[in-house]
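Numbering (our numbering), first residue to last: 448 to 538. Report on the following structure.
And the structure:
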């Protein structure tokens with residue numbers, strides 16, 4: 448299922464960052480996802496947070512508290528996506 452693969456790509460990118468990794472804006476731009484309703488909204492929000500995370504690399508490297516804050520926001524986005532995926536009926 449295309450939607451499932453798309454969500455897995457986003458979840459994989461989020462998990463990599465939450466595991467302490469970095470992500471480039473090019474990698475984020477390559478993410479392709481779709482969805483409906485609340486799931487699409489959560490995926491879009493995670494996409495935007497990932498872009499902010501990548502763009503703010505230098506400030507994050509200089510300020511560990513800021514880095515933790517941004518990663519916490521990404522964790523919240525991941526939690527929302529996972530929660531919504533568990534609610535979505537399988538086709």
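Backbone N, C-alpha and C define an ideal beta-carbon position, used for all residues, glycine too. In this text, all values refer to a predicted model and were calculated from it rather than measured experimentally.
Residues in its own chain within less than 6 Å of residue i by CB, not counting five upstream and five downstream?
i: residue 480; result: 453, 457 and 490
i: residue 486; result: 531
i: residue 468; result: none
Ordered along the chain, which non-local residues of its own chain (more than five positions away) have a Cβ less than 8 Å from that of residue i?
i: residue 520; result: 496
If we call anything under 7 Å between Cβ atoms a contact, is residue i one with residue j?
i: residue 476; j: residue 524; result: no
Give me, in chain order, the residues of the same chain whose beta-carbon lies closer than 7 Å to that of residue i; leave out the 5 immediate sequence neighbours on both sides.
i: residue 507; result: 513, 514 and 517
Using a Cβ-based criterion (distance less than 6 Å to any ligand heavy atom), does residue i qualify as near the ligand MN?
i: residue 453; result: By its list of ligands, the structure shown contains no ligand whatsoever, and the ligand MN lies outside what it can speak to.
Practice problem: Taking 8 Å as the threshold, find out whether the region 462–481 comes into contact with the region 494–511 through three or more Cβ pairs. | Solution: yes
Practice problem: Mind listing, in chain order, the continuous alpha helix (DSSP H) runs of no fewer than 4 residues lying wholly within the region 495–530? | Solution: 504–509
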